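Trainee: Residue numbers (my numbering): 18 to 369.
No residue lacks a Cβ here, since even glycine has one placed at the ideal position from N, Cα and C.
Just so you know, these numbers come straight off a predicted model, no measurement behind them.
Following this message is one structure expressed as structure tokens.
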Amino acid sequence: MKRLASLVAAGAMLLTLCACSGSAQPSDSPTPEPTPTVEPTPTPPLYTNPLTGEATDTDLSGQKPVTVVMNNIKVAMPQQGNSTADIIYEAVAEGGITRMLAVYQDPADLTTIGSVRSARDCFLDLALGHDGVFVHAGGSHYVYDTIAQLGVNDVDGVKGKNASGIFYRDPNRTPGVKYAIEHTMMADGAALVENLTAKGIMGPHSDGYVYEMDFTADGTPKDGQSANTITATFSSYKNTVFRYDATSKVYKVEQYGEAFIDGNDGSQITTTNVLVLQTNYSAMDDGYYSDVKLTSGSGYFACGGKMIPITWEKGDHYDQLRYYTQDGQPLTLGVGKSFVCIVPASQPVVAE
């Protein structure tokens, strides 16, 4: 009996030791997979510039932009304040020479601007399409007639309308030395904002005005042709060249065989979107000033080094420019600045 009890006890101890030994063996259970990191969804910007689609700190969509007629004849270069414009329009004024309309949505972008030059009807119509404040220094008798007929509350550096404290002759552009006097009129951006805000000229958009521009982060047109260099020809005297920089993803602008620069800081003008609008040009009844038709036509849109054909329309003085793909869908621009060349339909547009 005692021997049997001893054997049972020994067996129990052996089983206990085996059990303990077995518990020390490595587990065959699988290692749990790491929890994947979930990337946060980007928060869309609270506000965007309606002319560029770029994020802004404040809501600019409800206020009128400032539009300025800019001198662009070669002997008047460099322009100043052109690099901060959201949109630049270029068209023939007369005799093959061009002028530009610079459009600024954000008052903070208004620095020293110029040289400011006389207005033409097409620039007035472009400004009215933006419901913008129209700034110029003189104009043809045709545009003065239109301003009077429409009751436009413009800002005129020659006749002095709404111009107090805004315009001055640049002392660095000494008349008769390097620049003729018509190339010396400048606008003080800070004074312009202060004075026109006080007069109620700068302020909210007209009732019912809504921008009709659409943007996407990458506006490169699908199936577009190569457009690393674009030449838009206005006349035998003037063309504008756009060279795509794949690193910065913008077009660098050239004219008169050199970089198109901002004299305020020496920077070269760049643009995300290039639009070339073809239309019919003729002479006004004086045989001198250009009559630029802004009704409708064909053209080209380039972004991201690619270009596609488009159509466009405007119509009335106050209508916005609208752009369409060839299948009639509204054109979507790339987020960023735009440069719009309004060229005679008879002139070539070359992309390569």
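1. Assign Asp74 to buried or exposed, taking buried as 16 or more other Cβ atoms, counted over all protein chains shown, within 10 Å of its Cβ.
2. If Ile325 sits next to Val291, beta carbons under 8 Å apart, how far is it from one beta carbon to the other, in whole angstroms?
3. Have a look at Asn189, Gly168, Arg190, Ser157 and flag the residue whose alpha-carbon is nearest the alpha-carbon of Val175.
4. By a C-beta neighbour count over all protein chains shown, 10 Å radius and 16 as the cutoff for buried, is Gly98 buried or exposed?
5. Between Leu127 and Val210, which are expected to be in contact by the criterion C-beta below 8 Å, what is the C-beta distance as a whole number of angstroms?
6. Residues bridged to Tyr185 by DSSP?
7. Output the boundary residues of the alpha helix (DSSP H) element that contains Leu141.
8. According to the neighbour-count rule (16 or more other Cβ atoms, all chains shown, within 10 Å of its Cβ), is Tyr226 buried or exposed?
9. My understanding is that Thr289 touches Gly353, with C-beta atoms under 8 Å, so please give their C-beta distance in whole angstroms.
10. Are the beta-carbon atoms of Asn170 and Ile218 separated by less than 7 Å?
11. From the DSSP output, in three-state form, read off Lys331 for me.
12. Helix, strand or coil for Ser299? Go by DSSP, reduced to three states.
13. Mind reading off the beta-carbon distance from Val293 to Ala362? Whole number of angstroms is fine, and I expect it under 8 Å.
14. Which of the three DSSP states, helix, strand or coil, is assigned to Tyr226?
15. Grouping DSSP H, G and I as helix and E and B as strand, with all else coil, what is Ser315?
16. In terms of DSSP beta bridges, what is Phe356 paired with?
17. Could you give the residue range of the alpha helix (DSSP H) that holds Ile164?
18. How would you write the range of the beta strand (DSSP E) that Gly177 sits in, first residue to last?
19. Report the rounded CA-to-CA distance for Val258 versus Gln272, giving the unit in angstroms.
20. I'd like to know whether the C-beta atoms of Met203 and Gly131 end up nearer to each other than 7 Å.
21. Quick one: what's Met87 bridged to in DSSP?
22. Just to confirm, are Lys331 and Leu350 a CB contact at a threshold of 7 Å?
23. Bridge partners of Tyr64, per DSSP?
24. Hey, Trp329 and Gly316: beta-carbon distance below 7 Å or not?
25. Using DSSP's beta-bridge definition, name the partner residues of Ala368.
26. Considering Cα atoms alone, identify which of Asn66, Asp344, Gln364, Val150 is closest to Gly168.
27. Give the straight-line distance between the Cα atoms of Cys358 and Gly206, rounded to the nearest whole angstrom.
28. Checking 7 Å against the spacing of the C-beta atoms, do Val160 and Tyr121 come in under that value?
29. Report yes if the CB atom of Val267 is closer than 7 Å to the CB atom of Thr237, and no otherwise.
30. Where DSSP assigns a beta bridge to Leu350, which residues make up the other side?
Mentor: Working from what's here:
1. As a working mapping, residue 74 is identified with position 57 in the sequence shown. Exposed is the call here.
2. Residue numbering aside, residue 325 sits at position 308 when the sequence shown is read from its first letter. Residue numbering aside, residue 291 sits at position 274 when the sequence shown is read from its first letter. Incorrect: roughly 11 Å between the Cβ atoms, too far for contact.
3. Stepping through the sequence shown from its first residue, residue 175 is reached at position 158. Closest by alpha carbon: Ser157.
4. As a position in the sequence shown, residue 98 is number 81, starting the count at 1. Burial call: buried.
5. For this step, residue 127 is matched to residue 110 along the sequence shown. For this step, residue 210 is matched to residue 193 along the sequence shown. At roughly 6 Å, the Cβ-Cβ gap stays under 8 Å, so Leu127 and Val210 are in contact.
6. Residue 185 sits at position 168 when you count from the first residue of the sequence shown. Answer by DSSP bridge pairing, in chain order: Met203.
7. Along the sequence shown, read from residue 1 onward, the residue named residue 141 stands at position 124. Counting along the chain, the alpha helix (DSSP H) containing Leu141 begins and ends at 138-146.
8. One-based indexing of the sequence shown puts residue 226 at position 209. Classification for Tyr226: exposed.
9. Sequence index remark: in the sequence shown, residue 289 carries index 272 (1-based). Sequence index remark: in the sequence shown, residue 353 carries index 336 (1-based). Between Gly353 and Thr289 the Cβ distance is about 3 Å, and since that is below 8 Å, they are a contact.
10. Here residue 170 refers to the residue found at position 153 of the sequence shown. Here residue 218 refers to the residue found at position 201 of the sequence shown. Result yes, Cβ atoms of Asn170 and Ile218 sit closer than 7 Å.
11. Residue numbering aside, residue 331 sits at position 314 when the sequence shown is read from its first letter. If DSSP states are grouped into helix, strand and coil, Lys331 belongs with coil.
12. Taking the sequence shown and counting its residues from 1, one reaches residue 299 at position 282. Strand, per DSSP.
13. Numbered from its first residue, the sequence shown carries residue 293 at position 276. Numbered from its first residue, the sequence shown carries residue 362 at position 345. Not confirmed; about 11 Å, so no contact.
14. The residue you call residue 226 lines up with position 209 of the sequence shown. If DSSP states are grouped into helix, strand and coil, Tyr226 belongs with coil.
15. For the purposes of this step, residue 315 is taken as the residue at position 298 of the sequence shown. Three-state DSSP puts Ser315 in a strand.
16. One-based indexing of the sequence shown puts residue 356 at position 339. For Phe356, which the question treats as bridged, DSSP gives the partners Ile105, Val291.
17. The count along the sequence shown starts at 1 and reaches residue 164 at position 147. Residues 158-167.
18. Residue 177 sits at position 160 when you count from the first residue of the sequence shown. Segment: none, Gly177 is in no beta strand (DSSP E) and carries neither H nor E.
19. Within the sequence shown, residue 258 is the residue found at index 241, counting from 1. Within the sequence shown, residue 272 is the residue found at index 255, counting from 1. In a straight line, the C-alpha of Val258 is about 6 Å away from that of Gln272.
20. Counted from its first residue, the sequence shown places residue 203 at position 186. Counted from its first residue, the sequence shown places residue 131 at position 114. Cβ distance < 7 Å, so Met203 and Gly131 count as in contact.
21. For the purposes of this step, residue 87 is taken as the residue at position 70 of the sequence shown. Answer is Met117, Val133, bridged to Met87.
22. The residue labelled residue 331 in the question sits at position 314 within the sequence shown. The residue labelled residue 350 in the question sits at position 333 within the sequence shown. No.
23. Along the sequence shown, read from residue 1 onward, the residue named residue 64 stands at position 47. Bridge partners of Tyr64: Thr73.
24. Your numbering for residue 329 matches position 312 in the sequence shown. Your numbering for residue 316 matches position 299 in the sequence shown. The answer is yes: Cβ separation under 7 Å.
25. The residue given as residue 368 occupies position 351 in the sequence shown. Note: Ala368 sits in a beta bridge opposite Ile247.
26. On the sequence shown, residue 168 is found 151 positions in, with the first residue counted as 1. Selected option, being the one with the closest Cα: Val150.
27. The residue given as residue 358 occupies position 341 in the sequence shown. The residue given as residue 206 occupies position 189 in the sequence shown. Cys358 and Gly206: Cα-Cα distance of roughly 25 Å.
28. Within the sequence shown, numbered from 1, the residue matching residue 160 stands at position 143. Within the sequence shown, numbered from 1, the residue matching residue 121 stands at position 104. Not in contact: Val160 and Tyr121 (Cβ atoms no closer than 7 Å).
29. Start at 1 with the first residue of the sequence shown, and residue 267 comes out as number 250. Start at 1 with the first residue of the sequence shown, and residue 237 comes out as number 220. For Val267 and Thr237, no; Cβs fall outside 7 Å.
30. Residue numbering aside, residue 350 sits at position 333 when the sequence shown is read from its first letter. Leu350 pairs with Phe232.
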